[in-house]
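Participant:
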Amino acid sequence: MNNFWNDRYSQEQMAYGSEPNVFFREQLQELKPGKLLLPAEGEGRNAVHAALKGWQVAAFDFSEAGYKKATALAEQRGVTIDYQVTDAAQFACEPESMDAVALIYAHFPPALRQEMHQKVITWLKPGGTVILEAFHPKQLAYNSGGPKDEGMLYTAEMLQKDFSQLTIQMLEEEEIQLNEGLYHIGAGYVTRMIAQKHVKA
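For the record, in the sequence shown the residue sitting at position 159 is 158 according to numbering that gives the first Met the number 0, with numbers rising by one throughout.
(1) If I follow the unbroken alpha helix (DSSP H) through Q266, where does it start and stop?
(2) Taking the straight line between their C-alpha atoms, what separation do you get for R76 and V47?
(3) Rounded to whole angstroms, what's the CA-CA distance from G144 to P94? Just pull it up for me.
(4) Quick check on the burial criterion: 16 or more other C-beta atoms within 10 angstroms. Buried or exposed for S163?
(5) Going by beta carbon distance, what residues of the same chain come within less than 6 Å of E208, once the five residues before and after it are set aside?
(6) For N178, which beta-bridge partners are listed by DSSP?
(7) Return the Cβ separation of D98 and L152 in integer angstroms, given the expectation that the two are a contact with Cβ distance under 8 Å.
(8) Between which two residues does the alpha helix (DSSP H) holding A64 run?
(9) With distances taken between CB atoms, is the gap from L37 to V78 smaller than 7 Å?
(10) Under a three-way DSSP split, which group does Y82 fall into?
(11) Run through the DSSP bridge pairs and tell me what P38 is partnered with.
(12) Is it true that the CB of V56 sits closer than 7 Å to the CB of P125?
(13) Going by DSSP, what residues sit across from R191 in a beta bridge?
(14) Measure the beta-carbon distance from Y15 to Y182 and round it to whole angstroms, keeping in mind my assumption that it falls under 8 Å.
(15) For the alpha helix (DSSP H) containing V21, list its first residue and its last residue.
(16) Tell whether a beta-carbon distance below 7 Å holds between Q168 and I184.
(17) Is T166 buried or exposed, if buried means 16 or more other CB atoms sit within 10 Å of its CB?
(18) From R112 to Y66, what distance separates their C-alpha atoms?
(19) Can you tell me whether G16 is helix, strand or coil according to DSSP?
(20) On a Cα-Cα basis, can you pick out the residue from A73, Y141, G53, D6 that is closest to L177?
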């Protein structure tokens, strides 16, 4: 799998474009800038956008090629991001250190997904926000990208269980139009969620 992503990100063009994901961009502007974590961040388009908006950005991905593209994009746009090359199972973060975590097409196998989502809850500060957009199992009928393994695709019900400790403010399954670089193009079916960690009494 690592070779797949290194091959994809080694191409000259940005695989998913250099502009941020639309849902991420719209939701981020509703929040006050602080510390943001972007797991599985690939070529850095969302991380660089957030840094330009005043966020202190941490990101990780297991692709060395993705890291190189991300750091080049950050340098080109005059911002700094803290980007680590590591896999999701190994990444560590201080508890209650993040104001927001954005999971944008961060698809994991079921066991790792559940573990990762629990860690995300731990990493969030009280009052912190999760922004998530991922492909739904219905995406298998579309040609606009995403994993071909149904176990790595997310339903609203699945996310409701994973993030039951949070206050879910929005949770939708819907068809959207994608226009993200070479590999997210055309109609697609996604699950979107906004959730907030409870503020301690």
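Each residue gets a CB set at the ideal place from its N, CA and C atoms; glycine is no exception. On a predicted model such as this, the values are computed, not experimentally measured, just so you know.
Facilitator: Reading from the atomic positions:
(1) A question about residue 266 goes unanswered here, because the residues of the chain that appear run from 0 up to 200.
(2) 8 Å
(3) 33 Å
(4) The residue is exposed, with fewer than 16 neighbouring Cβ atoms inside 10 Å.
(5) No answer is possible for residue 208: the residues shown for the chain start at 0 and end at 200.
(6) I184
(7) No, D98 and L152 are not in contact; Cβ-Cβ is about 28 Å, not under 8 Å.
(8) 63-76
(9) no
(10) strand
(11) DSSP lists F59 as partners of P38.
(12) Not closer than 7 Å, so no.
(13) Beta-bridge pairing links R191 to E132, E171.
(14) 6 Å
(15) It spans 21-27 - the alpha helix (DSSP H) in which V21 sits, taken as one unbroken run.
(16) Taking 7 Å as the Cβ cut-off, Q168 and I184 do not qualify as a contacting pair.
(17) exposed
(18) 22 Å
(19) coil
(20) Y141
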